[in-house]
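Going down the list, the sequences are from chains A and B.
Sequence positions in the first sequence follow the numbering used here and run 1 to 347.
Sequence positions in the second sequence follow the numbering used here and run 1 to 347.
Report on one structure; see the data block that follows.
There are 2 protein chains.
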Amino acid sequence: MHQNFSAFFFLHMNNLSIKDIARLAGVAPSTVSFVINGKEKEGRISTQLAAKIQKIIQKTGYQPNRSAVSLRTGKTNMIGLIVEDISNSFFSQLAKSIEDMAYKIGYKVVYCSTENDNKKGAELIQMLHKQVDGFIITPSKGMKQAVLKLKKNKKPVVLIDRYFPGVNIPYVLVDNFTAVKNGVNYLVNAGYKNISIITTAVDQVQMQERESGYIQCLKENTLYHPTYTLHLKFSPSEDSYANQIKKFLLKHPKTDAVFFATNYLGIQGLKVLKELGKRIPEDIGVLSFDDHDIFKLYSPAITVINQPIAEMAEKSVEMLTKQMDGTGAPAQKGILLNAELIVRESV
Amino acid sequence: MHQNFSAFFFLHMNNLSIKDIARLAGVAPSTVSFVINGKEKEGRISTQLAAKIQKIIQKTGYQPNRSAVSLRTGKTNMIGLIVEDISNSFFSQLAKSIEDMAYKIGYKVVYCSTENDNKKGAELIQMLHKQVDGFIITPSKGMKQAVLKLKKNKKPVVLIDRYFPGVNIPYVLVDNFTAVKNGVNYLVNAGYKNISIITTAVDQVQMQERESGYIQCLKENTLYHPTYTLHLKFSPSEDSYANQIKKFLLKHPKTDAVFFATNYLGIQGLKVLKELGKRIPEDIGVLSFDDHDIFKLYSPAITVINQPIAEMAEKSVEMLTKQMDGTGAPAQKGILLNAELIVRESV
DNA sequence: CTGAAAGCGCTTACAG
DNA sequence: CTGAAAGCGCTTACAG
């Protein structure tokens with residue numbers, strides 16, 4: 001009777017603690033703790049008692065205070081996801097896949113966008129350091145120190161999409177060089193002679209590798225002209241990219257195919273080609289890195305080099321988990337996944 | 001000399017605590033705490049001493065253990081963002097804007113995708129309850145109980161994009177009804193007579209309101225035909241939507257304009273129209289809710305009803321902050337923002 | 001102007 | 001089979 005009354009009372013409280021549950025069950029807090037954490041054996045709790053406690057937890061909707069658990073165990077069950085820009089289609093798809101993988105193993109994801117600002121990136125790492133059990137990061141070059149510090153502090157980290165050459169931190173990458181080399185080779189085989197590359201200012205490894213793949217392929221086919229390369233200056237405005245691309249294309253009228261090194265450049269490029277009245281693929285062939293809904297739907301549909309996003313997410317969470325478990329302690333150096341050429345109508 | 005040695009030693013430690021800093025500075029932990037939290041006045045710490053402590057914190061890179069702070073203060077400085085699907089362009093843009101706003105006031109964002117699964121939605125709320133200071137949620141109908149429980153527990157919540165009619169929880173919405181009414185009216189004025197609506201199965205308020213706007217406008221113009229409405233069955237596969245749309249359009253060949261009630265339906269719709277060889281806007285006018293890069297770039301560019309994403313983010317964080325501060329305690333009921341008709345070439 | 005002490009809510013060795 | 005106690009790293013009233 002008294003117990004029922006208490007149960008009723010507690011049912012309407014906001015913040016139950018483990019002590020409250022213990023009191024309701026007539027046991028010590030430690031007993032409740034064992035049941036919560038599935039350690040009935042270890043605490044040698046009888047099955048009946050465990051069931052009784054479970055029931056009370058159910059009824060009251062008791063949830064352990066995560067801060068207290070974290071303080072005590074040193075685990076937060078949070079993963080820090082640091083990307084360039086969460087609103088970018090590539091990263092938001094990555095975020096979704098990572099969330100799915102993390103959810104399955106009981107982790108939540110905190111995200112942060114660096115916007116390629118090195119200071120912000122380093123700061124974010126520093127701020128999250130004590131709040132997450134591990135990081136999945138698409139690093140910009142200037143984040144190297146901050147990431148090395150994480151490593152020194154034995155904080156689990158996996159780099160994704162980009163990495164630091166010569167630094168021993170696990171990564172999940174696409175083989176940018178080979179993928180682009182093959183993709184550009186497809187342009188060459190299709191008969192294009194003057195193939196331009198439009199890419200970002202070269203300070204990210206993955207972009208450098210894409211460019212190398214382009215150069216290597218064209219050199220092998222004696223079609224390489226250094227002037228057919230546009231390194232776009234970074235700009236927060238999309239129009240600025242479009243303008244730079246337009247100027248470049250007007251300056252190189254012989255260009256008969258373009259390789260865009262990221263999807264947002266490809267999208268801007270399509271806009272420009274439309275403005276210039278160029279027909280694809282008759283006047284100009286188009287190949288873009290990264291797939292995007294736009295490329296599937298465009299007339300003509302655009303041929304792309306597609307990154308295996310779900311697989312990247314899966315591998316990165318896997319590699320992170322191994323580190324967090326302390327299991328695969330000497331984590332493998334990294335893995336290289338294949339990007340796939342999806343041939344559509346633009347070449 | 002000894003102190004320098006200690007500083008050197010601590011510089012290379014992983015996990016400094018406030019005690020370590022206190023020892024290095026030769027003061028009590030409480031003194032350090034006051035300095036960290038900018039409460040020098042309250043603790044009546046001399047400026048010089050405060051500076052000295054600051055310097056040590058700088059040098060060592062000490063970061064307070066957030067779990068301990070949270071346990072003690074009851075604040076986590078985390079916001080829980082629960083959306084339908086973070087990889088959807090609308091939600092990822094929202095996430096980016098919310099992140100920006102939150103960052104400015106020292107909050108991090110944990111995100112979760114419900115995938116419109118009520119159970120998962122309720123579960124996510126429950127799981128995050130103790131880990132975040134407040135929630136920004138795009139609720140599905142079945143999450144009502146879970147959200148009401150948050151309210152009962154005085155957990156700050158702001159609903160965004162959708163709401164629960166008749167329930168007093170702050171929300172940030174777009175005036176779907178008026179926006180669609182005006183948008184469809186634009187189709188009417190352009191001379192279209194048989195305007196279809198393609199929308200989701202009606203169980204989300206915002207979708208109902210969009211449909212009401214469509215109906216209201218057409219009724220006022222005596223152009224409403226109930227059969228010109230397609231409620232798409234939910235499906236995880238995009239192709240299924242495309243097939244349903246195709247069947248519908250073939251069944252209603254007189255349709256001379258279509259209003260798509262969300263951007264992903266619009267995107268699927270464009271694909272279908274392309275397959276059917278329909279010319280836009282000559283054969284069929286197109287209007288879609290939500291803007292998207294695809295709509296800007298498509299030939300012809302698609303006329304849309306655009307939601308003010310940045311403003312929605314700003315208002316929602318603002319309303320949440322007021323609740324978290326305990327300031328604007330009797331938080332305003334909610335706000336209704338205007339969606340903007342962006343006229344392009346498809347009508 | 002500064003420090004010692006209590007306590008936030010847990011988990012886990014330890015004692016029984 | 002169960003409970004009392006220590007301690008994770010902070011903050012803050014309180015005493016001096």
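Beta carbons are placed, not taken as given, at the ideal position from N, Cα and C, and that holds for glycine.
Which residues share a DSSP beta bridge with A/Met78?
Answer by DSSP bridge pairing, in chain order: A/Lys108.
Taking A/Asp175 and A/Leu49 to be in contact with their CB atoms under 8 Å, please state how far apart those CB atoms are, rounded to whole angstroms.
Their Cβ separation, rounded to whole angstroms, is 56 Å, which puts A/Asp175 and A/Leu49 out of contact at 8 Å.
Using a Cβ cut-off of 9 Å, pull out every chain B residue sitting near A/Leu232, in sequence order please.
The premise fails here: A/Leu232 is roughly 18 Å from chain B at the closest Cβ pair, so nothing lies under 9 Å.
What first and last residue would you give for the beta strand (DSSP E) that runs through A/Glu340?
Note, A/Glu340: beta strand (DSSP E), 340 to 342.
Ends of the alpha helix (DSSP H) at B/Asn176?
That run of the alpha helix (DSSP H) goes 176 to 189.
For a contact defined as C-beta to C-beta under 8 Å, what are the partners of B/Leu320 on chain A?
Near B/Leu320 there are no residues of chain A at all, since even the closest Cβ is about 17 Å away, more than 8 Å.
Check A/Leu16 in the structure and name its three-state DSSP category.
Of the three classes helix, strand and coil, the one that applies to A/Leu16 here is coil, per DSSP.
Is DSSP giving A/Val317 helix, strand or coil here?
Here A/Val317 sits in helix by DSSP.
According to DSSP, simplified to helix, strand and coil, what is B/Ser346?
Correct three-state label for B/Ser346: coil.
List the residues that DSSP assigns as beta-bridge partners of A/Phe289.
According to DSSP, which records beta bridges pairwise, A/Phe289 is partnered with A/Ile305.
Report the residue from B/Asp203, B/Val184, B/Met207 whose alpha carbon sits nearest the alpha carbon of B/Lys219.
Ranking the options by Cα distance to B/Lys219, first place goes to B/Val184.
If you draw a straight line from the alpha carbon of B/Thr199 to that of A/Tyr111, how long is it in whole angstroms?
Distance between the alpha carbons of B/Thr199 and A/Tyr111: 32 Å.
Report the residue from B/Glu311, B/Glu345, B/Lys333 whose alpha carbon sits nearest the alpha carbon of B/Ser97.
Nearest option by C-alpha distance: B/Glu311.
Given this structure, state the Cα-to-Cα distance separating A/Leu354 from B/Gly121, to the nearest angstrom.
Residue 354 of chain A is absent from the model: chain A starts at 1 and stops at 347.
What is the residue span of the alpha helix (DSSP H) that A/Phe34 lies within?
Unbroken alpha helix (DSSP H) run through A/Phe34: 29 to 36.
When the cut-off is 8 Å and only beta carbons count, does A/Gln206 lie next to chain B?
No, A/Gln206 does not count as interfacial toward chain B.
Along chain B, in chain order, which residues have C-beta atoms closer than 8 Å to that of A/Asn185?
Within 8 Å Cβ-Cβ: nothing; A/Asn185 doesn't reach chain B, min ~28 Å.
So A/Ser240 is in the alpha helix (DSSP H); what residue range does that whole segment cover?
Looking at the DSSP string, the run of the alpha helix (DSSP H) that includes A/Ser240 is 238 to 251.
Is the CB-CB distance between B/Leu341 and B/Ile305 below 8 Å?
Yes, the Cβ-Cβ distance between B/Leu341 and B/Ile305 is below 8 Å.
Determine, for B/Val317, whether the minimum Cβ-Cβ distance to residues of chain A falls below 8 Å.
Output row for B/Val317: interface = no.
Excluding five sequence neighbours on each side, which residues of the same chain lie with their C-beta closer than 6 Å to the C-beta of A/Asn4?
Only weak support exists for where A/Asn4 lies, its pLDDT of 43 falling under 50; the coordinates are left without a value.
Taking Cβ positions, are A/Phe260 and A/Phe289 nearer each other than 8 Å?
Against a cut-off of 8 Å, the Cβ pair of A/Phe289 and A/Phe260 comes out as a contact.
Counting pairs of Cβ atoms below 8 Å between the stretch 314 to 324 of chain A and the stretch 163 to 172 of chain A, do you hit three or more?
A contact exists between the stretch 314 to 324 of chain A and the stretch 163 to 172 of chain A.
Compute the Euclidean distance between the alpha carbons of B/Met127 and B/Asp291, then round it to the nearest angstrom.
Looking at the two C-alpha atoms, the distance is approximately 33 Å.
Find the nearest neighbour of B/Asn37 within the set B/Arg23, B/Asp20, B/Ile57, judged by alpha-carbon distance.
Cα-wise, what sits closest to B/Asn37 is B/Ile57.
Compare the Cα-Cα distances from B/Lys247 to each of B/Gly142, B/Gly269, B/Thr262 and report the closest residue.
Closest by alpha carbon: B/Gly269.
Please report whether the beta-carbon of A/Lys55 lies at a distance below 8 Å from any beta-carbon of chain B.
Cβ-Cβ to chain B under 8 Å: no for A/Lys55.
What does A/Ser299 reach in chain B if we use C-beta pairs closer than 8 Å?
Lys274, Ser299, listed in chain order.
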